[in-house]
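**Q** Sharing a structure with you now.
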Amino acid sequence: MAAQARSADIATLESIQKRVLWLSAYLVHHANSVRPNPDTTKVGGHQASSSSVVGLMTALYFHALGPGDIVATKAHASPVLYAIEYLRGRLTAEQLRGLRSLGGLQAYPSRRKNPEIIDLSTGSMGLGAVSAAFGALAARYVSQHGGAAMPTRFVAVLGDAELDEGNVWEALLEEAVRELDNLLWIVDVNRQSLDRIAPDARRGQLRDWFRGAGWHVLELRWGGRLRALFARPGGERLRARLEALGNAEYQSLLRLPPGGARKVLTATPGGEADRAVDRLLAEISDEMLGALVGDVGGHDLPAILEALEEAGRSRSGPCVILADTVKGWGYPFGGDPMNHSALLTQGQLDELRASLGIAPGQEWAGFPTGSAEAELIRRAPAPYAPPPLRDGAPEVPESLDESYPSQTSTQEAFGRILGRLSRLPIGDRVVTLSADVSVTTHLAGWINRKGVYFPRAKPGFIAEGPQVVQWKESPEGQHIELGIAEHNLFLALGAFGLTAELSGMTLLPIGTLYDPFVSRGLDALYHALYAGGRFIVAATPSGISLSPEGGAHQSVITPGIGVALPAITYYEPTFAQELEWILLDGLQRLIKREEAGESLYLRLSTKPIEQSLAPARSPAYRDAVLRGGYRLIDARPQPGYDPEDNAVHIFAAGVMVPEAVEASRALRAAGVWANVFAVTSPDLLYRGLRRARPHLIDLVSADEEGVPVVSVLDGHSHGLAFLGSALGVPQIPLGVDHFGQSGARGDLYRHYGVDGAAIAQSALSLLARGPALE
Ligand SMILES: Cc1ncc(C[n+]2csc(CCOP(=O)(O)OP(=O)(O)O)c2C)c(N)n1
Ligand SMILES: [Mg+2]
Numbered sequence: 010m011a012a013q014a015r016s017a018d019i020a021t022l023e024s025i026q027k028r029v030l031w032l033s034a035y036l037v038h039h040a041n042s043v044r045p046n047p048d049t050t051k052v053g054g055h056q057a058s059s060s061s062v063v064g065l066m067t068a069l070y071f072h073a074l075g076p077g078d079i080v081a082t083k084a085h086a087s088p089v090l091y092a093i094e095y096l097r098g099r100l101t102a103e104q105l106r107g108l109r110s111l112g113g114l115q116a117y118p119s120r121r122k123n124p125e126i127i128d129l130s131t132g133s134m135g136l137g138a139v140s141a142a143f144g145a146l147a148a149r150y151v152s153q154h155g156g157a158a159m160p161t162r163f164v165a166v167l168g169d170a171e172l173d174e175g176n177v178w179e180a181l182l183e184e185a186v187r188e189l190d191n192l193l194w195i196v197d198v199n200r201q202s203l204d205r206i207a208p209d210a211r212r213g214q215l216r217d218w219f220r221g222a223g224w225h226v227l228e229l230r231w232g233g234r235l236r237a238l239f240a241r242p243g244g245e246r247l248r249a250r251l252e253a254l255g256n257a258e259y260q261s262l263l264r265l266p267p268g269g270a271r272k273v274l275t276a277t278p279g280g281e282a283d284r285a286v287d288r289l290l291a292e293i294s295d296e297m298l299g300a301l302v303g304d305v306g307g308h309d310l311p312a313i314l315e316a317l318e319e320a321g322r323s324r325s326g327p328c329v330i331l332a333d334t335v336k337g338w339g340y341p342f343g344g345d346p347m348n349h350s351a352l353l354t355q356g357q358l359d360e361l362r363a364s365l366g367i368a369p370g371q372e373w374a375g376f377p378t379g380s381a382e383a384e385l386i387r388r389a390p391a392p393y394a395p396p397p398l399r400d401g402a403p404e405v406p407e408s409l410d411e412s413y414p415s416q417t418s419t420q421e422a423f424g425r426i427l428g429r430l431s432r433l434p435i436g437d438r439v440v441t442l443s444a445d446v447s448v449t450t451h452l453a454g455w456i457n458r459k460g461v462y463f464p465r466a467k468p469g470f471i472a473e474g475p476q477v478v479q480w481k482e483s484p485e486g487q488h489i490e491l492g493i494a495e496h497n498l499f500l501a502l503g504a505f506g507l508t509a510e511l512s513g514m515t516l517l518p519i520g521t522l523y524d525p526f527v528s529r530g531l532d533a534l535y536h537a538l539y540a541g542g543r544f545i546v547a548a549t550p551s552g553i554s555l556s557p558e559g560g561a562h563q564s565v566i567t568p569g570i571g572v573a574l575p576a577i578t579y580y581e582p583t584f585a586q587e588l589e590w591i592l593l594d595g596l597q598r599l600i601k602r603e604e605a606g607e608s609l610y611l612r613l614s615t616k617p618i619e620q621s622l623a624p625a626r627s628p629a630y631r632d633a634v635l636r637g638g639y640r641l642i643d644a645r646p647q648p649g650y651d652p653e654d655n656a657v658h659i660f661a662a663g664v665m666v667p668e669a670v671e672a673s674r675a676l677r678a679a680g681v682w683a684n685v686f687a688v689t690s691p692d693l694l695y696r697g698l699r700r701a702r703p704h705l706i707d708l709v710s711a712d713e714e715g716v717p718v719v720s721v722l723d724g725h726s727h728g729l730a731f732l733g734s735a736l737g738v739p740q741i742p743l744g745v746d747h748f749g750q751s752g753a754r755g756d757l758y759r760h761y762g763v764d765g766a767a768i769a770q771s772a773l774s775l776l777a778r779g780p781a782l783e
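Position one of the sequence shown corresponds to residue 10 (our numbering), numbered consecutively onward.
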């Protein structure tokens with residue numbers, strides 16, 4: 010940009026920045042103090058956190074963003090984003106006035122709730138920026154698998170304390186992330202978090218850690234006025250003094266009365282004044298010096314523009330801008346360590362209005378048509394428009410016609426199903442991801458056929474002897490192997506599950522991990538779902554059926570997670586054929602754009618199951634499997650079956666079905682008829698209860714109204730504990746309600762009371778049929 014044009018633009022940008030500062034403060038003020046608030050709960054909003062990024066965000070949106078760029082905004086700077094979108098004409102004043110109200114603009118940027126303006130969701134610290142990083146990876150993947158290279162760049166603006174979250178560094182350790190030249194992070198280094206002032210060493214560490222991870226680091230440490238002073242005699246000593254101050258001391262300088270800063274800056278360890286610095290500062294008034302101390306790079310528009318331009322130059326990896334800022338910039342509580350939740354008082358707001366030149370009554374004013382500001386905003390690139398969905402949705406076959414061994418586990422069946430998918434056209438859209446457990450979750454066959462993805466080709470080395478997996482890494486591969494970091498797995502799954510909407514190409518992401526480690530990445534899984542990603546999670550093995558592996562590897566609480574998580578359907582099938590149907594249906598639901606489209610959580614096992622126990626294949630069987638369960642053993646036609654006297658319902662999920670069948674046989678000897686229901690999805694049975702005709706109620710017939718229930722699953726018993734109350738009958742819920750432990754499978758089932766004998770015993774006690782079966 011020519012220097013003259015640039016200085017005109019900078020003056021205009023400064024004017025826009027002021028309006029962004031004003032609007033972001035005012036919309037929070039309005040929500041808290043102007044809008045009627047019948048229940049008097051504090052509405053909240055973060056004025057201080059917003060103010061520290063006004064310069065960075067103004068420069069980004071009105072100068073640096075290209076038409077193909079999308080942004081993940083620091084969650085608690087959402088008021089700044091909303092102010093910017095208002096000035097861009099994408100929000101109305103009425104919408105700004107609805108901040109944090111039902112159906113209105115969300116507290117934190119939400120793609121799910123405000124899709125018209127939000128490309129990438131943020132909220133929980135550390136997750137939004139990492140999602141953006143994996144978004145950049147997904148966009149790269151799409152461009153290398155026949156799609157458009159869109160979005161062209163993923164930009165994340167994040168708070169400095171977000172980098173306290175370990176998951177951020179887990180992402181930076183991923184080898185593929187350092188390859189991403191379509192990724193820019195801008196860190197708002199205001200040295201404060203919620204309660205704390207940042208550790209003194211952190212500023213230097215951030216630079217070193219990002220560099221160590223292969224990022225190009227740009228720093229916006231000091232503003233232009235201070236840098237000019239540094240160039241004068243004594244200037245380097247002043248810089249050294251400023252940079253040697255601890256964070257708390259520096260923050261305190263921002264709040265000292267006039268004259269205070271000079272004393273601190275000219276001090277030396279020996280106690281006498283630093284003559285060179287003293288001379289340098291002699292012509293600067295106390296008031297000016299106070300303001301000069303706060304002249305940091307993240308509020309210096311020309312410096313920000315330069316850094317953003319530099320960041321936009323092509324290079325081989327990701328870029329980060331470390332921008333020093335002041336939290337509460339422009340407000341009376343700027344730099345106050347306790348300003349995180351502070352709100353401007355009416356008096357402070359009035360002063361701010363006057364100082365920013367906003368006339369009373371003009372609080373919501375934008376820029377008049379034809380003004381330099383309106384012109385600059387008009388010239389800025391249009392908001393991101395994703396490319397149209399490429400060649401429609403891939404076809405999911407009706408059936409795979411796969412045959413399964415007579416004894417097989419759901420995990421083994423999963424491997425076979427993927428093997429079959431790899432030979433079908435739909436397989437070209439599947440991308441698998443695993444956090445270092447792909448071989449042990451049965452992905453080896455798939456990987457051998459499809460190869461491992463890496464953004465650039467890597468030389469392969471031929472190993473001697475037969476190998477379980479051919480580890481060939483190239484941009485054509487379709488499996489992504491991550492390090493052992495379940496947060497990365499879920500955030501990457503979420504990002505790959507958004508490509509239909511962001512890049513115009515439907516990918517079908519399938520991630521595998523051991524079921525106990527779902528909780529390790531749970532926060533990321535929740536975020537990935539909330540952010541709108543659609544994907545399949547195959548969690549295997551699960552439960553105590555993993556027997557000798559012991560309590561640390563046996564998942565107990567995951568059924569509850571599966572039932573409770575929104576936007577994902579949890580299934581726990583028993584038989585291979587059921588898994589095939591569920592997976593095909595799950596793929597179909599990933600493709601569906603309407604509400605019914607959801608992610609899929611499969612809780613699988615390595616326990617071999619006798620497949621001949623399964624019903625004969627039929628459309629009704631398939632339909633019931635997909636609805637959440639079916640009657641496997643029907644006692645109703647048996648002579649002497651009396652639902653009011655000698656009948657019991659056993660509901661068993663997944664691998665516990667054979668135990669339920671065994672119990673039904675034992676019960677027959679005791680004169681009790683047991684119906685066995687195989688529950689394929691506790692989640693769907695539960696959700697269905699709110700429907701007019703719940704599937705659960707359809708499973709039992711009208712004359713079975715009083716039949717009591719025993720439920721059993723390989724996980725915490727409460728996963729199926731709702732059945733009795735839903736049917737209005739007594740229930741004994743069996744399951745694993747304590748930590749697991751090592752042991753033979755039979756011993757463990759006996760120990761935790763989920764074997765055939767325990768099921769039968771529970772049935773008898775429900776029928777008040779006296780002592781237990783031995
Ligand atoms: C995972 C998580 N833990 C805690 C919080 C609560 N919280 C909100 S903002 C914040 C401090 C963030 O500091 P920083 O990232 O430096 O942002 P700043 O407000 O200083 O810009 C905390 C702890 C959160 N939102 N997410
Ligand atoms: Mg901070």
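Built from N, CA and C at the ideal position, the CB exists for glycine as well.
Find the nearest neighbour of Pro327 within the set Leu365, Val139, Ala548, Gly492, judged by alpha-carbon distance.
**A** Taking the sequence shown and counting its residues from 1, the one referred to as residue 327 is at position 318. Selected option, being the one with the closest Cα: Val139.
**Q** Just to confirm my understanding: we take Val546, look at its own chain, exclude 5 residues before and 5 after, and list those with CB closer than 6 Å. What are they?
**A** Stepping through the sequence shown from its first residue, residue 546 is reached at position 537. If we look at Val546 and ignore the five residues flanking it on each side, its Cβ neighbours are Gly520, Tyr610.
**Q** Put Gly697 into one of helix, strand or coil per three-state DSSP.
**A** Indexing the sequence shown from 1 puts residue 697 at position 688. Three-state DSSP puts Gly697 in a helix.
**Q** Three-state secondary structure (DSSP) at Asn256?
**A** The residue given as residue 256 occupies position 247 in the sequence shown. Here Asn256 sits in helix by DSSP.
**Q** Could you round the C-beta distance between Ala633 and Ala772 to whole angstroms and report it? I think they count as a contact, below 8 Å.
**A** What you label residue 633 is simply residue 624 of the sequence shown in a count that begins at 1. What you label residue 772 is simply residue 763 of the sequence shown in a count that begins at 1. Between Ala772 and Ala633 the Cβ distance is about 23 Å, and since that is not below 8 Å, they are no contact.
**Q** At which residues does the beta strand (DSSP E) containing Gly1 begin and terminate?
**A** This structure does not reach residue 1, given that the chain is present from 10 up to 783, and the question cannot be answered.
**Q** Could you give the C-beta distance for Glu607 and Ile577, rounded to a whole number, given that I count them as a contact under 8 Å?
**A** Taking the sequence shown and counting its residues from 1, one reaches residue 607 at position 598. Taking the sequence shown and counting its residues from 1, one reaches residue 577 at position 568. That pair is a contact at about 6 Å.
**Q** Is Gln201 close to ligand 1? I mean its beta-carbon at under 7 Å from any heavy atom of the ligand.
**A** In the sequence shown, the residue the question calls residue 201 occupies position 192. Within the cutoff, so yes.
**Q** Output the residue ranges of the alpha helix (DSSP H) runs that lie fully inside the stretch 199-252 and measure 4 residues or longer, sorted by chain position.
**A** Complete alpha helix (DSSP H) runs here, min 4: 211-221, 233-239.
**Q** Note the first and the last residue of the continuous beta strand (DSSP E) segment covering Trp682.
**A** In the sequence shown, counting from the first residue as 1, residue 682 sits at position 673. Trp682 -> beta strand (DSSP E) spans 682-688.
**Q** Taking 8 Å as the threshold (C-beta atoms), are Tyr579 and Ser7 in contact?
**A** As displayed, the chain neither begins before 10 nor continues past 783, which places residue 7 out of reach and without an answer.
**Q** With DSSP as the reference, please indicate the residues paired to Ala444 in a beta bridge.
**A** The residue you call residue 444 lines up with position 435 of the sequence shown. BP columns for Ala444 point to Leu491.
**Q** Within 8 Å, do at least three Cβ pairs link the stretch 547-564 to the stretch 744-751?
**A** These segments touch.
**Q** With 16 as the cutoff for other CB atoms within 10 Å, does Val719 come out buried or exposed?
**A** One-based indexing of the sequence shown puts residue 719 at position 710. Looking at its Cβ environment, which holds 16 or more other Cβ atoms inside 10 Å, Val719 is buried.
**Q** Helix or strand or just coil, what does DSSP make of Asp345?
**A** Position 336 of the sequence shown, counted from the start, is the residue given in the question as residue 345. It is coil, neither helix nor strand.
**Q** Here's the rule I'm using: 16 or more other beta-carbon atoms within 10 Å means buried, otherwise exposed. How should Val477 be labelled?
**A** In the sequence shown, counting from the first residue as 1, residue 477 sits at position 468. Exposed: under 16 other Cβ atoms inside 10 Å.
**Q** Is the beta carbon of Met514 less than 8 Å from the beta carbon of Gly156?
**A** As a first step, residue 514 is located in the sequence shown; it is residue number 505 there, counting from the start. As a first step, residue 156 is located in the sequence shown; it is residue number 147 there, counting from the start. Yes. Within cutoff.
**Q** Going by the C-beta, is Asp197 closer than 7 Å to any heavy atom of ligand 2?
**A** Sequence index remark: in the sequence shown, residue 197 carries index 188 (1-based). At least one heavy atom of ligand 2 is nearer than 7 Å to the Cβ of Asp197, so yes.
**Q** To test your reading of the DSSP string, which unbroken alpha helix (DSSP H) runs of 4 or more residues are found completely within the stretch 339-393?
**A** Counting whole runs of 4 or more residues, the stretch 339-393 contains the alpha helix (DSSP H) stretches 355-365, 381-388.
**Q** Just verifying my parser: in three-state terms, what is the DSSP assignment at Asp78?
**A** Numbered from its first residue, the sequence shown carries residue 78 at position 69. Of the three classes helix, strand and coil, the one that applies to Asp78 here is strand, per DSSP.
**Q** Considering only their Cβ atoms, is the gap separating Gly571 from Val664 smaller than 8 Å?
**A** The residue labelled residue 664 in the question sits at position 655 within the sequence shown. The residue labelled residue 571 in the question sits at position 562 within the sequence shown. Contact flag unset, no.
**Q** Out of curiosity, what's the CA-to-CA distance linking Gly53 and Leu114?
**A** Taking the first residue of the sequence shown as position 1, residue 53 is located at position 44. Taking the first residue of the sequence shown as position 1, residue 114 is located at position 105. Computed Cα separation, rounded: 13 Å.
**Q** Could you give the C-beta distance for Gly370 and Leu263, rounded to a whole number, given that I count them as a contact under 8 Å?
**A** Here residue 370 corresponds to residue number 361 of the sequence shown, with the count starting at 1. Here residue 263 corresponds to residue number 254 of the sequence shown, with the count starting at 1. Gly370 to Leu263, Cβ: 33 Å. No contact.
**Q** Below 8 Å on the Cβ atoms is my contact criterion, and I expect Leu34 with Leu353 to pass it. Report the Cβ-Cβ distance as a whole number of Å.
**A** For the purposes of this step, residue 34 is identified with residue 25 of the sequence shown, where counting begins at 1. For the purposes of this step, residue 353 is identified with residue 344 of the sequence shown, where counting begins at 1. Leu is not the amino acid found at residue 34; the sequence shown has Ala there. 6 Å between Cβ atoms; contact.
**Q** Tell me whether Asp304 sits in a helix, a strand or coil according to DSSP, three-state version.
**A** Numbered from its first residue, the sequence shown carries residue 304 at position 295. Coil, per DSSP.
**Q** Given Arg28, which residues of its chain have a CB within under 6 Å of its CB, disregarding the five upstream and five downstream residues?
**A** Looking up residue 28 in the sequence shown gives position 19. Hits under 6 Å: none found.
**Q** For Lys601, does the count of other Cβ atoms within 10 angstroms reach 16, so buried, or fall short, so exposed?
**A** Counting from one through the sequence shown, the residue named residue 601 turns up at place 592. Counting Cβ neighbours within 10 Å, Lys601 comes out exposed, since fewer than 16 surround it.
**Q** Applying the 10 Å Cβ sphere with the 16-neighbour rule, what's the burial state of Asp764?
**A** As a first step, residue 764 must be located in the sequence shown, where it is residue number 755. Buried, by the Cβ-count rule.
**Q** Apart from the five residues on each side of it in sequence, which residues of its chain come closer than 7 Å, Cβ to Cβ, to His725?
**A** Within the sequence shown, residue 725 is the residue found at index 716, counting from 1. The answer, listed in chain order, is Val565, Ile566, Pro568, Gly569, Gly744, Val745, Asp746.
**Q** Does the Cβ of Asp524 have 16 or more other Cβ atoms within 10 Å, making it buried, or fewer, making it exposed?
**A** Position 515 of the sequence shown, counting from 1, holds the residue named residue 524. It is buried - the Cβ of Asp524 has at least 16 other Cβ atoms within 10 Å.
**Q** Where Leu105 and Leu74 are concerned, what is the direct C-alpha to C-alpha distance, given to the nearest angstrom?
**A** Reading the sequence shown from its first residue, position 96 is the one you call residue 105. Reading the sequence shown from its first residue, position 65 is the one you call residue 74. Their Cα atoms are separated by approximately 23 Å.
**Q** Quick check on Pro242: buried or exposed, where buried means 16 or more other Cβ atoms within 10 Å of its Cβ?
**A** Here residue 242 refers to the residue found at position 233 when the sequence shown is read from its first residue. So Pro242 ends up on the exposed side.
**Q** Reducing DSSP to helix, strand and coil, say where Gln770 ends up.
**A** What you label residue 770 is simply residue 761 of the sequence shown in a count that begins at 1. DSSP places Gln770 in helix when its eight states are reduced to three.
**Q** Could you tell me the alpha carbon to alpha carbon distance between Ser528 and Leu507, rounded to whole angstroms?
**A** For the purposes of this step, residue 528 is identified with residue 519 of the sequence shown, where counting begins at 1. For the purposes of this step, residue 507 is identified with residue 498 of the sequence shown, where counting begins at 1. Those two C-alpha atoms are separated by around 23 Å.
**Q** Is the closest heavy atom of ligand 2 to the C-beta of Ala170 under 7 Å?
**A** Along the sequence shown, read from residue 1 onward, the residue named residue 170 stands at position 161. Yes, Cβ of Ala170 sits closer than 7 Å to a heavy atom of ligand 2.
**Q** Is Met665 near ligand 1, with its Cβ less than 7 Å from a heavy atom?
**A** The sequence position of residue 665 within the sequence shown is 656, counting from 1. False, no ligand heavy atom lies under 7 Å from that Cβ.
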